[in-house]
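With the numbering used here, letter number 60 in the sequence shown gets 66, and the count goes up by one each step, no holes.
Backbone N, C-alpha and C fix where the C-beta goes; we use that ideal spot for every residue, glycine too.
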Amino acid sequence: MTHSESPSYPKLPRNTVNRYGKPRGKYDFETIHGIVNTCPVLHVSFPTPDPSDPFPAMIPMLGFMACFSNPQASLTEPLELYLHGYISSRLMRLSGTSPADEEDGLPLTIAATHLDGLVLALTPNHHSYNYRSAVLHGFGTPVTDADEKLWAMEKITNNVVDDRWANTRIPPTKTEMTSTQIIKVRVVDASAKVRAGWPSDDRADMKNDELRAKTWVGVVPTWVTYGAPVPSPDNKLSKVPGYLADFVKRENTAGEQNAHIAITGSM
(Lines of atoms letter the chains of each structure in order from A; the text may use other names.)
(Lines give C-alpha, C1' and ligand atoms only; values in the text may rest on other atoms or scores of the structure.)
Protein backbone atom coordinates (compact mmCIF):
# COMPACT_ATOMS: atom_id res chain seq x y z
CA MET A 7 0.00 0.00 0.00
CA THR A 8 1.39 3.38 -1.00
CA HIS A 9 1.23 6.46 1.23
CA SER A 10 -1.50 7.89 -1.01
CA GLU A 11 -3.61 4.77 -0.40
CA SER A 12 -2.98 4.64 3.36
CA PRO A 13 -5.43 6.06 5.92
CA SER A 14 -4.78 9.80 5.82
CA TYR A 15 -5.80 13.21 7.08
CA PRO A 16 -7.96 15.33 4.76
CA LYS A 17 -6.03 17.58 2.41
CA LEU A 18 -7.31 21.12 2.99
CA PRO A 19 -5.98 24.55 1.99
CA ARG A 20 -4.72 24.99 5.55
CA ASN A 21 -2.53 21.88 5.65
CA THR A 22 -1.58 21.41 2.00
CA VAL A 23 2.15 21.36 1.37
CA ASN A 24 2.73 23.79 -1.51
CA ARG A 25 6.49 24.03 -2.11
CA TYR A 26 7.76 20.63 -3.34
CA GLY A 27 4.39 19.32 -2.29
CA LYS A 28 4.25 16.32 -4.59
CA PRO A 29 7.60 14.72 -3.74
CA ARG A 30 7.76 15.78 -0.09
CA GLY A 31 4.21 16.28 1.21
CA LYS A 32 2.70 13.41 3.21
CA TYR A 33 -0.77 13.14 4.73
CA ASP A 34 -0.95 9.52 5.88
CA PHE A 35 -1.44 8.68 9.54
CA GLU A 36 1.63 6.46 9.82
CA THR A 37 4.13 9.07 8.66
CA ILE A 38 2.68 11.92 10.71
CA HIS A 39 2.08 9.93 13.89
CA GLY A 40 5.55 8.39 13.66
CA ILE A 41 7.21 11.80 13.40
CA VAL A 42 5.32 13.12 16.43
CA ASN A 43 5.89 10.06 18.62
CA THR A 44 9.66 10.09 18.06
CA CYS A 45 10.10 13.84 18.51
CA PRO A 46 11.46 14.76 21.98
CA VAL A 47 9.93 18.26 21.94
CA LEU A 48 6.73 19.50 20.31
CA HIS A 49 6.05 23.18 19.72
CA VAL A 50 2.47 24.20 20.44
CA SER A 51 0.92 27.45 19.25
CA PHE A 52 -2.37 28.83 20.55
CA PRO A 53 -4.36 32.09 20.50
CA THR A 54 -4.43 34.37 23.51
CA PRO A 55 -7.63 36.04 24.78
CA ASP A 56 -6.07 39.51 25.06
CA PRO A 57 -7.39 41.55 22.08
CA SER A 58 -4.50 44.01 22.47
CA ASP A 59 -1.94 41.22 21.88
CA PRO A 60 -1.79 40.29 18.17
CA PHE A 61 0.71 37.48 18.63
CA PRO A 62 -0.20 33.81 19.15
CA ALA A 63 1.69 32.14 21.98
CA MET A 64 4.04 29.20 21.42
CA ILE A 65 5.60 26.86 23.96
CA PRO A 66 7.67 23.65 23.83
CA MET A 67 5.87 20.63 25.31
CA LEU A 68 6.02 16.87 25.75
CA GLY A 69 3.40 14.86 23.92
CA PHE A 70 2.48 11.65 22.15
CA MET A 71 -0.25 10.23 19.95
CA ALA A 72 -2.36 7.26 21.02
CA CYS A 73 -5.95 6.16 21.67
CA PHE A 74 -7.21 5.61 25.21
CA SER A 75 -10.29 3.70 24.07
CA ASN A 76 -8.09 1.42 21.95
CA PRO A 77 -4.60 1.31 23.52
CA GLN A 78 -3.40 -1.22 20.92
CA ALA A 79 -4.18 1.12 18.01
CA SER A 80 -1.29 1.37 15.55
CA LEU A 81 0.19 4.45 13.94
CA THR A 82 -1.95 3.77 10.86
CA GLU A 83 -5.19 4.38 12.79
CA PRO A 84 -6.86 7.61 13.99
CA LEU A 85 -5.17 8.81 17.18
CA GLU A 86 -5.46 11.71 19.61
CA LEU A 87 -2.55 13.88 20.68
CA TYR A 88 -1.87 14.14 24.41
CA LEU A 89 0.12 17.07 25.82
CA HIS A 90 1.64 17.28 29.30
CA GLY A 91 1.82 20.45 31.35
CA TYR A 92 1.42 22.19 34.71
CA ILE A 93 -2.09 23.05 35.86
CA SER A 94 -1.36 26.78 36.31
CA SER A 95 0.27 27.36 32.92
CA ARG A 96 -1.51 29.70 30.51
CA LEU A 97 -2.24 27.00 27.94
CA MET A 98 -3.69 24.67 30.54
CA ARG A 99 -5.95 27.40 31.89
CA LEU A 100 -7.14 28.44 28.44
CA SER A 101 -7.88 24.87 27.35
CA GLY A 102 -10.65 24.67 29.92
CA THR A 103 -12.28 28.00 29.05
CA SER A 104 -13.00 27.89 25.32
CA PRO A 105 -15.10 30.75 23.90
CA ALA A 106 -18.68 30.00 22.87
CA ASP A 107 -17.73 29.76 19.21
CA GLU A 108 -15.01 27.23 20.04
CA GLU A 109 -17.09 24.56 21.75
CA ASP A 110 -14.80 21.83 20.41
CA GLY A 111 -11.94 23.15 22.55
CA LEU A 112 -9.00 25.50 22.23
CA PRO A 113 -7.62 25.65 18.65
CA LEU A 114 -3.99 24.52 18.60
CA THR A 115 -1.24 24.16 16.02
CA ILE A 116 1.46 21.61 16.87
CA ALA A 117 4.81 21.19 15.11
CA ALA A 118 7.36 18.37 15.28
CA THR A 119 10.70 18.26 13.44
CA HIS A 120 13.61 15.85 13.06
CA LEU A 121 16.88 16.95 11.45
CA ASP A 122 18.51 14.05 9.56
CA GLY A 123 21.35 15.74 7.68
CA LEU A 124 23.07 18.88 6.40
CA VAL A 125 22.85 18.89 2.61
CA LEU A 126 25.82 20.77 1.15
CA ALA A 127 25.65 21.67 -2.53
CA LEU A 128 27.87 23.54 -5.01
CA THR A 129 26.11 26.84 -4.33
CA PRO A 130 24.55 28.24 -1.14
CA ASN A 131 21.18 28.49 -2.90
CA HIS A 132 20.98 24.70 -3.19
CA HIS A 133 22.03 23.90 0.37
CA SER A 134 19.31 22.18 2.34
CA TYR A 135 18.51 19.83 5.21
CA ASN A 136 17.34 16.26 5.18
CA TYR A 137 14.42 16.40 7.59
CA ARG A 138 11.08 14.99 8.69
CA SER A 139 8.51 17.52 9.89
CA ALA A 140 4.82 17.49 10.75
CA VAL A 141 2.24 20.18 11.51
CA LEU A 142 -1.09 19.28 13.11
CA HIS A 143 -4.24 21.34 13.73
CA GLY A 144 -6.76 20.38 16.35
CA PHE A 145 -8.87 21.30 19.36
CA GLY A 146 -7.55 20.76 22.88
CA THR A 147 -9.55 19.97 26.01
CA PRO A 148 -8.39 18.95 29.52
CA VAL A 149 -8.50 15.26 30.38
CA THR A 150 -10.82 14.95 33.37
CA ASP A 151 -11.19 11.17 33.61
CA ALA A 152 -8.75 9.92 36.29
CA ASP A 153 -7.95 6.65 34.53
CA GLU A 154 -7.28 8.33 31.20
CA LYS A 155 -5.12 10.97 32.87
CA LEU A 156 -3.01 8.37 34.67
CA TRP A 157 -2.70 6.34 31.45
CA ALA A 158 -1.54 9.43 29.56
CA MET A 159 1.01 10.32 32.25
CA GLU A 160 2.47 6.82 32.01
CA LYS A 161 2.59 6.94 28.21
CA ILE A 162 4.28 10.34 28.20
CA THR A 163 6.87 9.21 30.77
CA ASN A 164 7.69 6.08 28.78
CA ASN A 165 7.82 8.14 25.60
CA VAL A 166 10.79 9.98 27.15
CA VAL A 167 12.59 6.79 28.27
CA ASP A 168 11.20 3.31 27.66
CA ASP A 169 10.02 1.58 30.87
CA ARG A 170 10.84 4.59 33.03
CA TRP A 171 7.38 4.74 34.64
CA ALA A 172 7.67 1.27 36.22
CA ASN A 173 11.16 2.07 37.50
CA THR A 174 10.15 5.10 39.56
CA ARG A 175 8.00 5.81 42.61
CA ILE A 176 4.44 5.26 41.44
CA PRO A 177 1.55 5.94 41.50
CA PRO A 178 1.72 9.73 41.61
CA THR A 179 0.52 11.36 44.82
CA LYS A 180 -2.77 13.24 44.96
CA THR A 181 -0.83 16.52 44.86
CA GLU A 182 1.09 15.40 41.77
CA MET A 183 -2.11 14.34 40.03
CA THR A 184 -3.75 17.67 40.86
CA SER A 185 -0.82 19.84 39.76
CA THR A 186 -0.36 17.98 36.47
CA GLN A 187 -2.70 18.62 33.57
CA ILE A 188 -3.10 16.62 30.40
CA ILE A 189 -4.63 18.13 27.26
CA LYS A 190 -6.17 15.81 24.68
CA VAL A 191 -6.12 17.22 21.16
CA ARG A 192 -8.65 16.05 18.60
CA VAL A 193 -6.65 16.41 15.42
CA VAL A 194 -8.74 17.65 12.48
CA ASP A 195 -6.02 17.86 9.85
CA ALA A 196 -2.27 17.44 9.52
CA SER A 197 0.53 17.11 7.03
CA ALA A 198 4.16 16.08 6.96
CA LYS A 199 7.03 17.25 4.81
CA VAL A 200 10.04 15.00 4.30
CA ARG A 201 13.26 15.79 2.49
CA ALA A 202 15.78 13.01 1.79
CA GLY A 203 18.63 12.38 -0.59
CA TRP A 204 21.71 14.02 -2.03
CA PRO A 205 22.28 17.66 -3.05
CA SER A 206 20.65 18.76 -6.30
CA ASP A 207 22.66 21.24 -8.32
CA ASP A 208 22.07 23.18 -11.54
CA ARG A 209 23.31 21.64 -14.78
CA ALA A 210 25.58 24.61 -15.46
CA ASP A 211 27.32 24.15 -12.11
CA MET A 212 27.65 20.40 -12.66
CA LYS A 213 29.50 21.15 -15.92
CA ASN A 214 31.85 23.58 -14.18
CA ASP A 215 34.93 21.43 -13.54
CA GLU A 216 36.78 24.23 -11.77
CA LEU A 217 33.91 24.74 -9.32
CA ARG A 218 33.53 21.02 -8.69
CA ALA A 219 37.27 20.61 -8.14
CA LYS A 220 37.29 23.05 -5.22
CA THR A 221 33.87 22.49 -3.63
CA TRP A 222 32.97 19.56 -1.38
CA VAL A 223 29.38 18.38 -1.87
CA GLY A 224 27.47 15.76 0.06
CA VAL A 225 25.52 15.20 3.25
CA VAL A 226 26.57 15.42 6.89
CA PRO A 227 24.36 12.84 8.66
CA THR A 228 22.72 14.37 11.72
CA TRP A 229 21.01 12.76 14.70
CA VAL A 230 20.47 13.15 18.44
CA THR A 231 23.10 11.25 20.42
CA TYR A 232 22.50 10.18 24.02
CA GLY A 233 25.65 10.08 26.14
CA ALA A 234 26.54 7.71 28.94
CA PRO A 235 24.15 8.29 31.89
CA VAL A 236 25.77 10.37 34.65
CA PRO A 237 24.62 9.45 38.18
CA SER A 238 23.32 12.14 40.50
CA PRO A 239 25.16 12.68 43.82
CA ASP A 240 21.97 11.29 45.42
CA ASN A 241 21.96 8.13 43.28
CA LYS A 242 22.27 4.88 45.28
CA LEU A 243 22.39 2.34 42.44
CA SER A 244 25.82 0.86 41.77
CA LYS A 245 25.36 0.67 38.00
CA VAL A 246 23.14 1.97 35.21
CA PRO A 247 19.89 -0.07 35.01
CA GLY A 248 19.60 -2.34 32.01
CA TYR A 249 16.45 -0.67 30.67
CA LEU A 250 18.24 2.70 30.59
CA ALA A 251 21.45 1.37 29.02
CA ASP A 252 19.36 -0.46 26.40
CA PHE A 253 17.39 2.71 25.65
CA VAL A 254 20.53 4.80 25.07
CA LYS A 255 22.09 2.16 22.80
CA ARG A 256 18.88 1.56 20.85
CA GLU A 257 18.09 5.25 20.29
CA ASN A 258 21.63 6.08 19.21
CA THR A 259 21.65 3.20 16.74
CA ALA A 260 18.21 4.14 15.36
CA GLY A 261 19.17 7.80 15.02
CA GLU A 262 22.30 7.00 13.04
CA GLN A 263 20.42 4.54 10.82
CA ASN A 264 17.67 7.07 10.07
CA ALA A 265 20.23 9.72 9.14
CA HIS A 266 21.97 7.40 6.67
CA ILE A 267 18.71 6.03 5.26
CA ALA A 268 17.67 9.62 4.55
CA ILE A 269 20.70 9.94 2.25
CA THR A 270 20.60 6.76 0.20
CA GLY A 271 17.37 5.00 1.15
CA SER A 272 19.26 2.13 2.78
CA MET A 273 22.10 1.45 5.22
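By the Cβ test, the region 191-203 is in contact with the region 36-43, since at least three Cβ pairs between them sit closer than 8 Å. Going by DSSP, residue 232 is part of no alpha helix (DSSP H) at all; its letter is neither H nor E.
Between the alpha carbons of residue 158 and residue 175 lies a gap of roughly 17 Å.
In this structure, residue 50 places its C-beta atom within 8 Å of the C-beta atom of residue 89. Annotated three-state conformation of residue 257 is helix, per DSSP. Excluding the 5 residues flanking it on each side, residue 68 has same chain C-beta neighbours closer than 6 Å at 90 and 162, in chain order.
In this structure, residue 82 sits near residue 12, with a CB-CB distance shorter than 8 Å.
At the C-beta level, residue 173 and residue 43 stay beyond 8 Å of one another. The beta carbon of residue 121 lies closer than 7 Å to those of 135, 137 and 228 in the same chain, with the five residues before and after it left out.
When DSSP states are grouped into helix, strand and coil, residue 162 belongs to the helix group. Spanning the alpha carbons of residue 219 and residue 127 requires a straight line of approximately 13 Å. For the options 60, 76 and 115, the alpha carbon positioned closest to that of residue 20 is the one of 115.
In this structure, the CA atom of residue 48 is about 6 Å from the CA atom of residue 117. In the three-state reduction of the DSSP assignment, residue 86 falls in the strand class.
The beta carbons of residue 132 and residue 206 sit closer together than 8 Å. With fewer than 16 other Cβ atoms inside 10 Å of its own Cβ, residue 271 counts as exposed. With respect to the 8 Å criterion, residue 226 and residue 124 are classified as neighbours on the basis of their beta carbons. In this model, residue 144 and residue 41 are separated by some 17 Å (Cα to Cα). A straight-line Cα-Cα distance of about 21 Å links residue 113 and residue 186. Every unbroken stretch of the alpha helix (DSSP H) spanning 4 or more residues and falling wholly within the region 34-105 is given here in chain order: 35-43 and 96-101. Within the region 182-253, the complete alpha helix (DSSP H) segments at least 4 residues long are 209-212 and 215-220, listed from N- to C-terminus.
Each residue's CA atom was taken as its position, placing residue 181 and residue 190 some 21 Å apart. About 5 Å separates the Cβ atoms of residue 160 and residue 171, confirming a contact at the 8 Å cut-off. At a Cβ-Cβ threshold of 8 Å, residue 204 and residue 269 count as neighbours. DSSP places residue 29 in the uninterrupted alpha helix (DSSP H) bounded by 27-30.
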